[in-house]
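Structure first, commentary second.
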Amino acid sequence: MAFLLPPGLKRLLSDRSGVALFRPDANGFRIEFHRESAAEDAAVWQLDANAADAYRNLKHLNPELDKAECLLRLNPGQALQKRLFLPAAAQENLQQVVGFELDRYTPFSADQVYYAAIVLGKTEFGQIEVLLVLTPKPLLDDYLARLQALDVQATAVDFGQAETVCPARVPRYTLLPEQFRPRPNNWVRAVHWSLNALLLLLLASVLVWPVWQEGEAVDALKRQLKTLEKETTLIEAQQSEIDALRGQTQRLIGIKSDAPSLVAVLNELSVLLKDDTWLTHFQYAEKRLQIQGQSPAASSLIGVLEASPFFSNVSFVSPLTQDKATGRERFQISMDVAAVQPGQAEGDAATPAAASDDSVGENPNE
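FYI, the UniProt record's numbering numbers position 114 of the sequence shown as 114, with every residue one higher than the one before it.
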């Protein structure tokens, strides 16, 4: 999350602005300030060790030095380094082991120098490779006293041929004596980390809250969509039922429209059949009509019925027989019945009537 912070805010919240390297020289110290952002080149100043306010004035002009880690870097000739190969068992108490054997490895005893031993790695023979760095105590004490006079609190001391930072060539170590090492301020550190944690929490909230809100909105839309889908399914089912009922209704209407009216059929029969013809049986099913009865001229009924728009395919079902009691012919006729529009029925009915009138008018001439 730190990469999201602006550089200015990042420097404000950081407990370290960079590393200030103090290199001893003839006039005092040469300061190289390496900022935490490695993109910038190191700033270099010359510090006069005889001017007590020199470093205070420099910090006033460069506030970044207030949060800088101050490291004293000894020049070549002011310290000594040597590589040792020791048994792996010596790694647990390396500083003590090297201190006991220091006069064997160097011309100095442990009381004469400040030293540090750093493990560089292991060899193929099961030993550890150790870097030994040391400097005479009077020399380092003098430089530390000068720094204290300038109000500079060194946090570490290394050697210019075995740099630990800027650049880091060997693992971190320090030649700074125990009594000069700064005591950590746990309260300040706790406050600092608490503020950092609070800021990160706020930043995370700013980034996460909109995403969470959008997620909630999406979930709400999904719930609404499911509800609408259920309603749509119900509506579609109801629409299907309505369509089915409409189809059935249309079929019934069609059947009714196609089917002839029995009243009209009976009326047509009463018009076509004369008074001397009567029916004894009337059966109608699926647009098929069958009648039975007696008539003095049953053979002429086929033509009479065929002339009607109501009837077609008129035929005798059985041969005509003579009723001895009445002298009339028994008939059984079957025919197809069609639905006829009222206008058509009236027009067709007028034609037989006219024909009848003509025949009536001809009888006197005969």
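All C-beta atoms in this analysis are idealised placements derived from N, C-alpha and C, irrespective of residue type, glycine included.
In this structure, DSSP gives Thr249 a helical state, which the three-state scheme calls helix. Nearest neighbour of Ala339 by Cα position, chosen from Arg30, Leu262 and Gly247, turns out to be Leu262. For Pro76, the closest of Ala51, Asp158, Gly99 and Asp66 by C-alpha to C-alpha distance is Asp158. Ranked by how close their Cα comes to the Cα of Gln322, the residues Ala298, Ser315 and Met335 have Ala298 in first place.
Nearest in C-alpha terms to Ala88, of all of Leu71, Lys122 and Asp103, is Lys122.
With contact defined as three or more Cβ pairs closer than 8 Å, the stretch 93 to 113 and the stretch 143 to 156 are not in contact.
In this chain, the beta strand (DSSP E) harbouring Tyr284 covers Trp278 to Ala285. Excluding sequence positions up to five before and after Leu140, its CB lies within less than 6 Å of the CB of Tyr114, all in the same chain and listed in chain order. A distance below 6 Å between beta-carbons, with the five flanking residues on each side excluded, links Lys274 to no residue of its chain.
Boundaries of the alpha helix (DSSP H) harbouring Ala54: Ala54 to Leu61, taken from the DSSP string.
With 16 or more other Cβ atoms from the protein chains shown falling within 10 Å of its own Cβ, His34 counts as buried. Rounded to whole angstroms, Cys70 and Phe180 show a C-alpha spacing of 13 Å.
The residue among Glu124, Glu64 and Ala68 with its C-alpha nearest the C-alpha of Phe85 is Glu124.
Cα atoms of Ala190 and Ala197: separation of roughly 10 Å, rounded to the nearest angstrom. Under the three-state reduction of DSSP output, Ala117 falls in the strand class.
When the beta-carbon positions are compared, Leu147 and Leu72 come within less than 8 Å of each other.
DSSP places Asp111 in the coil class of the three-state scheme, outside both helix and strand. Here the alpha carbon of Pro167 sits roughly 10 Å from the alpha carbon of Gly160.
Taking C-beta atoms under 8 Å as the contact rule, Val265 and Val314 fail to qualify, at a distance of about 13 Å. Cβ-Cβ separation between Val133 and Leu175: approximately 7 Å, consistent with a contact (criterion under 8 Å).
Exclusion of the five residues before and after Trp45 leaves Ile31 and Leu58 as the residues of its chain whose Cβ lies within less than 7 Å of its Cβ.
The shortest CA-to-CA distance from Asp276 to any of Glu268, Gln81, Ser295 and Pro171 is the one to Ser295. Counting only runs of at least 3 residues, the stretch 114 to 158 fully encloses the following beta strand (DSSP E) elements, listed from N- to C-terminal order: 127 to 136. Pairing Phe310 with Ile333 gives a Cβ-Cβ distance that is not under 8 Å. In the three-state reduction of the DSSP assignment, Asn27 falls in the coil class, being assigned neither a helical nor a strand state. According to the DSSP assignment, Ala68 belongs to no alpha helix (DSSP H) but to the beta strand (DSSP E) extending over Ala68 to Leu74. Around Ser312, the same chain offers Asp336 as residues with beta carbons nearer than 6 Å, after the five sequence neighbours per side are excluded.
Pairing Leu120 with Val97, the inter-Cα distance amounts to about 16 Å. 8 Å or more divides the Cβ of Gln81 from the Cβ of Ala117. Annotation for Leu305: the continuous alpha helix (DSSP H) segment containing it runs Leu301 to Glu306. In this structure, the straight-line span from the alpha carbon of Thr280 to that of Thr233 is close to 59 Å. Distance from the CA atom of Ser318 to the CA atom of Arg288, rounded to whole angstroms, is 16 Å. Per DSSP, Val98 is not a residue of any beta strand (DSSP E); the alpha helix (DSSP H) it occupies stretches across Leu94 to Phe100. For Ile291, the beta-bridge partners assigned by DSSP are Phe282 and Ile333.
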